[in-house]
């Protein structure tokens, strides 16, 4: 019985390193705190968790003055308590401070998958990271459960409102683009029907002959005015142009480059807004794609040799695609 009581007393006795660590933390002695819990020393799970949480507090206190040392503290904490979501979230903050965004995103995603209801700070940090990457759908998904939280509710509501508005704007833009494409298709179909029953006047250009062409191109963010020849007022023609795009160049190699959150980034062509205006006619949208898109827009010349104005109304964004309109020509029907 006495031996059992002695063993119980020794097991309950505190780890002297924790007491020493509290003093080092109070003195903001970050290096001393790191050395106190050197790798290789073994302790029970409960003491490991206590030590890990002490190291996390030390990293939070030391991060402003030395982010590398704060990273070392949370890395050691993660080795002591790899399953604790608070420790995992703290190490993700250290990764973000070191600009290791991809690694931080993976760690936060794993933490949220394992603790979907309790890891609130991990959820908020992941929402902020998605906000910086303009991933509106992901921001809405992550921020929605936080709106009533006393600590994260206010910033979560701000994120939610902004990205819900962004999603609504994107949806409206898609609807507008679809309507414009339908209008253009209907007008082209009507023009083809009229042309099929139209007998060309004497002296009119021959069927499907090139009336005018230009070698100049219009690139993303640019515009150009073309001066045409051989185009007769009142005659129906087809405007031809080729639209091609390519993705952004691959990011440079290096430890501290800005990482994307997906391992295989895709080229997003949504929102490209190239347009052509022929004389006094309304502007018409032009298609662009990763594979060459052939545009053929039917129009009735409003005047002899009208000017053709090409422009890109797209908002240029860093890392976005770069597109070009080329092979501009006008052909008679």
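In our numbering, the protein residues as written are 11 to 343. Glycine included, every Cβ here is placed at the ideal spot set by N, Cα and C.
Can the beta-carbon of residue i be found less than 9 Å from the beta-carbon of residue j?
i, j, result
"residue 259", "residue 331", "no"
"residue 43", "residue 64", "yes"
"residue 200", "residue 311", "no"
"residue 98", "residue 88", "yes"
"residue 149", "residue 251", "no"
"residue 296", "residue 335", "yes"
"residue 170", "residue 154", "yes"
"residue 107", "residue 86", "no"
"residue 156", "residue 132", "no"
"residue 117", "residue 47", "no"
"residue 320", "residue 286", "yes"
"residue 233", "residue 255", "no"
"residue 290", "residue 328", "no"
"residue 294", "residue 249", "yes"
"residue 93", "residue 124", "yes"
Assuming residue i and residue j make a contact with CB atoms under 8 Å, what is their CB distance in whole Å?
i, j, result
"residue 1", "residue 57", "In this structure the chain extends from 11 to 343, so residue 1 is not present and cannot be described."
"residue 322", "residue 231", "6 Å"
"residue 347", "residue 95", "Past the boundaries of the shown model lies residue 347; the chain is included only from 11 to 343, so the question cannot be answered."
"residue 238", "residue 340", "6 Å"
"residue 198", "residue 307", "7 Å"
"residue 38", "residue 71", "6 Å"
"residue 69", "residue 104", "6 Å"
"residue 309", "residue 288", "5 Å"
Helix, strand or coil, according to DSSP, for residue i in the structure here?
i, result
"residue 296", "strand"
"residue 184", "helix"
"residue 253", "strand"
"residue 332", "strand"
"residue 196", "helix"
"residue 13", "Per-residue confidence for residue 13 stands at a pLDDT of 36, beneath the threshold of 50, marking its modelled position as unreliable; the derived number appears in the next sentence. Note: residue 13 maps to helix in three-state DSSP."
"residue 337", "strand"
"residue 223", "strand"
"residue 146", "helix"
"residue 323", "coil"
"residue 229", "strand"
"residue 279", "coil"
"residue 81", "helix"
"residue 128", "coil"
"residue 134", "helix"
With burial defined as no fewer than 16 other Cβ atoms inside 10 Å of the residue's Cβ, what is the status of residue i: buried or exposed?
i, result
"residue 192", "exposed"
"residue 318", "buried"
"residue 60", "buried"
"residue 226", "exposed"
"residue 1", "The displayed coordinates of the chain run from 11 to 343. Any statement about residue 1 would go beyond what the structure contains."
"residue 177", "exposed"
"residue 186", "exposed"
"residue 277", "exposed"
"residue 114", "buried"
Give a yes or no on whether the minimum CB-CB distance between residue i and chain C is below 9 Å.
i, result
"residue 286", "Among the chains of the structure shown, chain C does not appear; only one protein chain is present."
Secondary structure, alpha helix (DSSP H): runs of 4+ residues fully inside the stretch 92–117: 95–107
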